[in-house]
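Start counting the sequence shown at 1; every next residue gets the next number (full-length UniProt numbering). Quick reminder that beta carbons are idealized off the backbone N, C-alpha and C, glycines included. Small disclaimer: the values here were computed from a predicted structure and weren't measured.
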Amino acid sequence: MFEINIEKFKESMISILKEIEHTDTHCITRLLNIIDKTFIGAKSYRFYTFLNTLKELGHTIDDNSKVVGFCIEVLQTALIISDDIIDNSEIRRGHPCWYKLVGLNAHKDAIFLLLLIKKILKKYSLNSKSYTNLLKVYENVLLKTILGELHDVLPSQCTDFESIKKVYSIQNYKTMVIAKTAYYTIYLPIYMAYIYSDKVPPKNLLPFSEIMGIFMQFKDDYLNFFPEKTKKTSNDLQECKLTWYLSHLVEESKNENDKILILQYFQTKGENIVLPFIKKRLELFEEESEVFLSQARRYLDEETRKIYKFCIELYENK
1 MFEINIEKFK
11 ESMISILKEI
21 EHTDTHCITR
31 LLNIIDKTFI
41 GAKSYRFYTF
51 LNTLKELGHT
61 IDDNSKVVGF
71 CIEVLQTALI
81 ISDDIIDNSE
91 IRRGHPCWYK
101 LVGLNAHKDA
111 IFLLLLIKKI
121 LKKYSLNSKS
131 YTNLLKVYEN
141 VLLKTILGEL
151 HDVLPSQCTD
161 FESIKKVYSI
171 QNYKTMVIAK
181 TAYYTIYLPI
191 YMAYIYSDKV
201 PPKNLLPFSE
211 IMGIFMQFKD
221 DYLNFFPEKT
231 KKTSNDLQEC
241 KLTWYLSHLV
251 EESKNENDKI
261 LILQYFQTKG
271 ENIVLPFIKK
281 RLELFEEESE
291 VFLSQARRYL
301 DEETRKIYKF
311 CIELYENK
């Protein structure tokens, strides 16, 4: 596995900040504090995916390429900071969420990180063509991710079962997950590595990324019922979040009694109403996981086998 040199990345960030007018020691200290507090416990899978793809493409892995790859982890951190505020989360990676330490100004920190990524890409890209293409895919993926987050903001009132069914469908779930997870987690690091290596990304990258993105979110939805494993708090059931389990519960509710119970759950947010179904569905985790992984393996070909296989094994063992 590739080594992450956080100190080297800090130096890179500081050098960029010093080039920006009106930057003072407070800004630099704030940035270093964000990195120290929010990157603790990060698994950095996106960073590893980027570097492994570079390696398989025959590109030299040096400090500059590592900094470019780490931009995707900065993106992940910015999104997490905002998500934790919206979800009113308490714990992230075994530590208090960033906004719990600094208040709602954490949202400004998230915006700051998203903008700083552009500066990093410009400074550490190999040439102007590489920078233009990297920036283009970054902005495109960021927009899709934010649109996916908007899918995750559900109507506060569902007054009847039919309105619930329209929102909490399996198709809506997949659409949301592909936009908010698959693009920046799977598609972006692999695509960026191809661009950085001045190579054309594979045509099957998007469908592979979509399957893997859904698998990842499905697995996260499962693990959210086991906070001792994730080291983070989850309010999915209390907040009626659109998850793999809730979408299946709604879609599989056919008789009137089931529909009444579903409506009661949404009106009262009484998680005990749906827990029996959820617990039963959790037992299918291994079986459902294999279905996703089998679909992902179909995209392994002569060009992408090692790249995609690394990605599959990385998230399978997460």
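Item to complete: With DSSP as the reference, label R298 as helix, strand or coil.
Response: coil
Discussion item. From the DSSP secondary-structure annotation, give me the bridge partner or partners of P96.
Written reply: I91
Worksheet item: Helix or strand or just coil, what does DSSP make of C240?
Response: coil
Fill in: Exposure of R46, with buried meaning 16 or more beta-carbon neighbours within 10 Å
buried
Practice prompt. Tell me whether L57 sits in a helix, a strand or coil according to DSSP, three-state version.
Written response: coil
Item to complete: Check each candidate in L115, C71, S169, F218 and name the one with the smallest Cα separation from F50.
Response: C71
Fill in: Cutoff 7 Å; reference Y191; Cβ partners in own chain excluding five residues on either side
V137, P201, L205
Worksheet item: CA-CA distance, I4 and V167?
Response: 41 Å
Item to complete: Using beta-carbon positions only, say whether Y195 and N133 come within less than 7 Å of one another.
Response: Note that residue 195 is Ile in the sequence shown, not Tyr. Yes; because the gap between Cβ atoms is below 7 Å, this pair is in contact.
Fill in: Same chain only: Cβ atoms within 7 Å of K259, ignoring 5 sequence neighbours per side
F161, S253
Worksheet item: Rounded C-beta distance between F277 and I164? I'm assuming under 8 Å.
Response: That belief does not hold up - the Cβ atoms of F277 and I164 are roughly 15 Å apart, past 8 Å.
Worksheet item: Along the chain, where does the alpha helix (DSSP H) that runs through L104 open and close?
Response: Premise fails: L104 is in no alpha helix (DSSP H) and is neither H nor E.
Practice prompt. Mark F39 as exposed unless 16 or more other C-beta atoms lie within 10 angstroms of its C-beta, in which case mark it buried.
Written response: buried
Discussion item. Considering only the alpha carbon of each residue, which of L135, D236, L300, F218 lies closest to L284?
Written reply: F218
Worksheet item: Can you give the Cα-Cα distance for R281 and Y222, rounded to whole angstroms?
Response: 10 Å
Worksheet item: Any heavy atom of the ligand MG closer than 6 Å to the Cβ of D220?
Response: With respect to the ligand MG, the structure offers nothing, as it holds no ligand at all.
Worksheet entry | Contact under 7 Å by Cβ, I81 with A110 | yes
Worksheet item: Can you name, in chain order, every residue of its own chain whose Cβ lies under 7 Å from the Cβ of K269, other than the five neighbours on each side?
Response: Q238, C240
Item to complete: Output yes or no for whether 7 Å exceeds the beta carbon distance between F225 and Y299.
Response: no
Worksheet item: Can you tell which of V67, N52, V68 has its C-alpha closest to the C-alpha of F310?
Response: N52
Worksheet entry | Close beta carbons around L147, own chain, < 6 Å, minus the five adjacent residues each side | A179
Worksheet entry | Coarse secondary structure for N255, derived from DSSP in three states | coil
Discussion item. Buried or exposed, going by whether 16 or more other CB atoms sit within 10 Å of the CB of P96?
Written reply: exposed
Practice prompt. Determine the burial state of G69: buried for a count of at least 16 other Cβ atoms within 10 Å of its Cβ, exposed for fewer.
Written response: buried
Practice prompt. Identify whether P202 lies in helix, strand or coil by the three-state DSSP scheme.
Written response: coil
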